[in-house]
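Numbering (our numbering), first residue to last: -15 to 225.
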């Protein structure tokens, strides 16, 4: 640069902040929309595996939220909810969903408003599981890195490891017992010592975990089709365009 010349700094673009409430804890957090550079990360990840997509989602949430938010320890449905809100502010509240009719195979498309999608808590869901008189466990929700473990019901070892990972503490009439004070083998032995009725209570916890869910009235557009079965969209993947 020659004497007397100077380089002007480019203007800095500002981005509005928004606020949302975490479904699990009701904590309020602030966030901004994701930018082009962050959307590129997601577009590249979309060509990869589910784990690559979720890692990109996690990275985008980390840079687009403000405050001390530990994404790795957020409930998986919290992560999905945050990302859906980010997507709404970044690319618009309306998304187009395509659905192939199960009866006539006609492809239908319809639009939904992201702001109408909420995390649904089922009435029979509880993180407190009473196993017998004065003995029970308090569960915590799976985090985003455990997502694939919930899908493969044939991976027995994975299922039991997931259960152990989601035990917050065990209690009886005298004390509470943290998993960190026991070995993994001891925790697995505790789970294996349950009878069928007790284990089914644990299964119910996982089967009724809160999730992004929306039921949509439906009428197939096929000329001769009479299918009017409502469509149920559940989980983040259902709402990604």
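Built from N, CA and C at the ideal position, the CB exists for glycine as well.
Rounded Cβ spacing between residue i and residue j (contact assumed at less than 8 Å)
i, j, result
"residue 146", "residue 163", "Between residue 163 and residue 146 the Cβ distance is about 13 Å, and since that is not below 8 Å, they are no contact."
"residue 161", "residue 103", "Not confirmed; about 30 Å, so no contact."
"residue 58", "residue 128", "7 Å"
"residue 115", "residue 187", "Not quite, the Cβ-Cβ distance comes to about 13 Å (not below 8 Å), so this is no contact."
Residue j beta carbon less than 8 Å from that of residue i
i, j, result
"residue 85", "residue 206", "yes"
"residue 73", "residue -2", "no"
"residue 61", "residue 154", "no"
"residue 45", "residue 70", "yes"
"residue 113", "residue 50", "no"
"residue 42", "residue 63", "yes"
Residue from the options with nearest C-alpha to residue i
i, options, result
"residue 215", "148, 197 and 209", "197"
"residue 219", "58, 202 and 195", "195"
"residue 7", "68, 159 and 46", "68"
"residue 52", "11, 88, 79 and 61", "11"
"residue 158", "114, 40 and 118", "118"
"residue 174", "35, 106 and 144", "144"
"residue 77", "190, 96 and 63", "96"
"residue 107", "34, 167, 191 and 204", "191"
"residue 22", "-5, 139, 75 and 1", "75"
C-alpha distance - residue i paired with residue j, whole-angstrom precision
i, j, result
"residue 123", "residue 141", "19 Å"
"residue 152", "residue 54", "17 Å"
"residue 184", "residue 101", "30 Å"
"residue 221", "residue 92", "18 Å"
"residue 233", "residue 149", "Outside the modelled stretch of the chain, which goes from -15 to 225, sits residue 233, for which no answer is possible."
"residue 210", "residue 98", "28 Å"
"residue 79", "residue 94", "8 Å"
"residue 156", "residue 120", "7 Å"
"residue 83", "residue 27", "22 Å"
"residue 202", "residue 208", "15 Å"
"residue 87", "residue 204", "9 Å"
"residue 25", "residue -7", "27 Å"
"residue -4", "residue 2", "19 Å"
8 Å Cβ cutoff, residue i in contact with chain C
i, result
"residue 64", "Looking for chain C here will not work: only one protein chain is present."
Start-end ranges of the beta strand (DSSP E) lying completely within the region 138 to 176, minimum 3 residues: Within the region 138 to 176, the complete beta strand (DSSP E) runs of at least 3 residues are 151 to 155.
4-residue-minimum alpha helix (DSSP H) runs that sit fully inside the region 23 to 97, ordered along the chain: Along the region 23 to 97, the alpha helix (DSSP H) occurs as fully enclosed runs of 4 or more residues at 34 to 48 and 60 to 75, listed in sequence order.
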